[in-house]
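Counting the sequence shown from 1 gives a position; the numbering used here is that position plus 1108. Beta carbons are placed, not taken as given, at the ideal position from N, Cα and C, and that holds for glycine.
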Amino acid sequence: MCLICIDFDRGSLKLREAKRALGEMRTTLDQQHLKEVEQKLADAERTQQRDSNP
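Here is the structure:
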């Protein structure tokens, strides 16, 4: 598990911060884990959008 995942799951990183961090770390992550992180952030974004729309 990478620092983005740990901090995002813990709530230390907000979605926007996690996306920025992923942009910086994209080239250093394993391709499989990169896909997992992208999916995790996409799911969180959908949840956030759904929760903010009444």
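So residue i packs on residue j, CB below 8 Å; how close in whole Å?
| i | j | result |
| --- | --- | --- |
| L1123 | Q1156 | 6 Å |
Taking the straight line between their C-alpha atoms, what separation do you get for residue i and residue j?
| i | j | result |
| --- | --- | --- |
| K1127 | F1116 | 10 Å |
| I1114 | K1148 | 12 Å |
| M1109 | E1144 | 10 Å |
| E1132 | E1125 | 11 Å |
Taking buried to mean at least 16 other C-beta atoms within 10 Å of its own C-beta, is residue i buried or exposed?
| i | result |
| --- | --- |
| L1111 | exposed |
Are the Cβ atoms of residue i and residue j separated by less than 8 Å?
| i | j | result |
| --- | --- | --- |
| L1142 | R1154 | no |
Would you say residue i touches the ligand SAH, meaning its beta carbon is less than 7 Å from a heavy atom?
| i | result |
| --- | --- |
| R1118 | As presented, the structure is devoid of all ligands, the ligand SAH included, so that no description of it is given. |
Spatial neighbours of residue i within its chain, please: CB distance less than 6 Å, with the 5 preceding and 5 following residues excluded, ordered by chain position.
| i | result |
| --- | --- |
| A1152 | L1123 |
Apart from the five residues on each side of it in sequence, which residues of its chain come closer than 8 Å, Cβ to Cβ, to residue i?
| i | result |
| --- | --- |
| E1146 | L1130 |
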